Amino acid sequence: MIILLRKQASMEEKTQLLSLLSCFLESHPALEIVRIGHYETIAIDAAALDHMQATIIRNHGVVEDVVTVDTPYKLVSRAFYKESSCVVVGKDHDCQEVAIGDSSELAPVVIAGPCSVESRDQLLASAQSVKNAGAQMLRGGAFKPRTSPYQFQGLGIEGLKLLAEARQLTGLPVVTEVMEPAMVDVVAEYADMLQIGSRNMYNYPLLRAVGSHPLKRPVMLKRGLSATIDEWLLAAEYIVAAGNPNVVLCERGIRSYDSHTRNVLDVASVPVLKELTHLPVLIDPSHGTGFSRLVPVMARAGIAAGASGLMIEVHHNAAQALTDKNQALSPMQLQSIVEDTYAIHEVLNGVKQSALQIA
Ligand code: PEP
Ligand code: MN
């Protein structure tokens with residue numbers, strides 16, 4: 001159940017409610033007050049309270065209302081919060097702010113950049129070219145989850161520093177992957193958005209760590225390689241319940257048996273997620289298909305299905321890319337995806353994107 005707190009509640013009253021709840025729920029993980037839209041909320045497992053405890057909570061002076069949500073995920077559920085959440089990226093660094101959300105006034109966001117940060121020259125050239133092509137955010141992996149331990153693993157902290165330099169050069173906020181709880185501090189210091197990769201969607205200590213981090217950096221949660229939509233939403237719930245409501249989902253395809261595509265991009269997950277959750281949803285047609293020739297058409301399909309944006313891998317010399325070279329697009333191909341994205345959004349919403357300026 002979700003406890004809604006009164007707007008006027010003082011810090012002292014809230015702390016008192018939290019300690020009462022932790023007495024009632026001995027084995028429950030740390031309880032957090034989370035802001036969802038206009039509400040301050042605390043989510044708990046209703047079954048863990050007996051009748052008397054539930055009545056005490058319901059009648060507590062700080063409690064405005066108690067809402068029962070029937071889905072296994074609570075705070076991310078649209079059954080609880082009917083509006084669509086908007087996640088703003090780039091607030092804490094000197095760069096442009098980018099709003100990701102599902103509203104006709106918001107342009108879809110195109111996030112682009114190389115799979116991996118490979119070198120200073122490569123990253124700065126890529127950053128400038130994706131900006132020129134119309135991307136609003138830069139991506140690039142500094143810590144790479146590779147299938148083989150003998151493959152390039154990323155530049156690590158050096159890569160984070162290069163991403164910060166690329167942000168300074170272009171004004172684009174950056175998103176990069178964090179793979180382990182111990183690295184959340186340093187990645188959050190340099191990045192504007194933390195990516196949880198597909199292989200880590202089930203890494204619950206990592207989900208808690210990005211959720212409880214004091215900077216509350218926006219999180220892009222990619223769908224697990226073989227995750228159901230409910231498992232994915234429960235992974236998002238871990239982050240939000242730990243205190244960070246700034247979560248964006250990213251559909252990147254699920255594992256199947258057919259090698260004609262790297263993964264099966266589940267475009268239908270977009271309208272399904274829009275029914276189930278208020279969180280924004282992005283499409284990653286690069287990992288979703290694995291082949292550059294398939295990326296533009298699936299990018300268009302994702303936007304047409306209602307995604308709030310795209311994540312696209314771009315390399316200025318794809319043949320030389322250290323990771324994921326088969327799916328990398330040129331900056332020119334990215335520019336045409338950006339143009340298509342605005343055109344489709346305009347058809348869907350009847351809104352002119354006068355904001356689009358291709359430098
Ligand atoms: C990536 O975005 O570079 C990546 C590794 O993606 P995924 O976790 O979806 O495989
Ligand atoms: Mn990649």
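All residue numbers for the sequence shown refer to the UniProt record's numbering, where the first residue is 1 and numbers rise by one. All C-beta atoms, glycine included, are put in the ideal place defined by N, C-alpha and C. Nothing here was measured: the structure is a model prediction, and the numbers come from that model.
Closer than 8 Å: residue i CB and nearest the ligand MN heavy atom
{"i": "Gly224", "result": "no"}
{"i": "Asp65", "result": "no"}
{"i": "Ser126", "result": "no"}
{"i": "Thr289", "result": "no"}
{"i": "Gln151", "result": "no"}
{"i": "Thr323", "result": "yes"}
{"i": "Glu313", "result": "yes"}
{"i": "Gln320", "result": "no"}
{"i": "Gly101", "result": "no"}
{"i": "Gly113", "result": "no"}
{"i": "Ser116", "result": "yes"}
{"i": "Gln327", "result": "yes"}
Buried or exposed (CB count within 10 angstroms, at least 16 for buried), residue i
{"i": "Lys222", "result": "buried"}
{"i": "Val34", "result": "buried"}
{"i": "Phe152", "result": "exposed"}
{"i": "Ala343", "result": "exposed"}
{"i": "Gly350", "result": "exposed"}
{"i": "Asp185", "result": "exposed"}
{"i": "Val297", "result": "exposed"}
{"i": "Met332", "result": "exposed"}
{"i": "Pro245", "result": "buried"}
{"i": "Phe80", "result": "buried"}
{"i": "Ser292", "result": "buried"}
{"i": "His345", "result": "buried"}
{"i": "Ala30", "result": "exposed"}
Neighbour flag for residue i against chain B, beta carbons, 9 Å
{"i": "Leu249", "result": "No chain B appears in the structure shown, which is made up of a single protein chain."}
For residue j and residue i, the rounded distance between their alpha carbons
{"i": "Ala54", "j": "Ala46", "result": "8 Å"}
{"i": "Pro285", "j": "Cys95", "result": "26 Å"}
{"i": "Arg208", "j": "Met311", "result": "24 Å"}
{"i": "Lys91", "j": "Asp50", "result": "43 Å"}
{"i": "Ala227", "j": "Ile254", "result": "7 Å"}
{"i": "Val347", "j": "Val247", "result": "27 Å"}
{"i": "Pro205", "j": "Leu279", "result": "21 Å"}
{"i": "Ile358", "j": "Arg217", "result": "For Ile358, the predicted structure reports a pLDDT of 44, less than 50, and the residue's modelled location is therefore unreliable. The matter cannot be settled from this model."}
{"i": "Leu356", "j": "Gln335", "result": "Any reading at Leu356 needs caution, since the residue's pLDDT is 47, under 50, leaving its predicted position unreliable; the model's value is listed next. Their Cα atoms are separated by approximately 11 Å."}
{"i": "Leu155", "j": "Leu162", "result": "9 Å"}
{"i": "Ala135", "j": "Ala307", "result": "16 Å"}
{"i": "Leu234", "j": "Tyr73", "result": "5 Å"}
{"i": "Val88", "j": "Ala188", "result": "15 Å"}
{"i": "His287", "j": "Cys23", "result": "46 Å"}
{"i": "Thr277", "j": "Arg78", "result": "4 Å"}
{"i": "Pro214", "j": "Asp258", "result": "43 Å"}
{"i": "Ser269", "j": "Glu13", "result": "41 Å"}
{"i": "Gly159", "j": "Gln168", "result": "14 Å"}
{"i": "Ser116", "j": "Met11", "result": "44 Å"}
{"i": "Glu313", "j": "Val76", "result": "28 Å"}
{"i": "Ile100", "j": "Glu275", "result": "18 Å"}
{"i": "Leu138", "j": "Val67", "result": "39 Å"}
{"i": "Lys7", "j": "Glu105", "result": "29 Å"}
{"i": "Thr15", "j": "Ser27", "result": "18 Å"}
{"i": "residue 375", "j": "Gly290", "result": "No answer is possible for residue 375: the residues shown for the chain start at 1 and end at 359."}
{"i": "Thr341", "j": "Ile111", "result": "12 Å"}
{"i": "Ile42", "j": "Leu329", "result": "44 Å"}
Residue i beta carbon near the ligand PEP (any heavy atom closer than 8 Å)
{"i": "Gly197", "result": "yes"}
{"i": "Gly159", "result": "no"}
{"i": "Gly156", "result": "no"}
{"i": "Asp192", "result": "no"}
{"i": "Lys144", "result": "yes"}
{"i": "Asp266", "result": "no"}
{"i": "Glu177", "result": "yes"}
{"i": "Asp258", "result": "no"}
{"i": "Arg139", "result": "yes"}
{"i": "Arg78", "result": "no"}
{"i": "Arg252", "result": "yes"}
{"i": "Asp284", "result": "yes"}
Any non-hydrogen atom of the ligand ADP within 8 Å of residue i CB
{"i": "Cys95", "result": "What this structure holds is the ligand PEP and the ligand MN, not the ligand ADP."}
Problem set entry | Start-end ranges of the beta strand (DSSP E) lying completely within the segment 171-254, minimum 3 residues | 174-177, 193-196, 219-222, 247-251
Problem set entry | Cβ contact (3+ pairs, closer than 8 Å) linking the segment 303-320 and the segment 116-127 | yes
For this session: Pair every Cβ in the segment 133-150 with every Cβ in the segment 77-88, then say whether three or more of these pairs are closer than 8 Å.
Result: no
Exercise. Hey, which unbroken runs of the alpha helix (DSSP H) at 4 residues or more fall wholly within the segment 76-164?
Worked result: 120-132
Exercise. When the Cβ atoms of the segment 58-66 are set against those of the segment 250-269, are three or more pairs found closer than 8 Å?
Worked result: no
Problem set entry | Whole beta strand (DSSP E) elements within the segment 28-78, 3-residue minimum | 34-36, 39-43, 63-67
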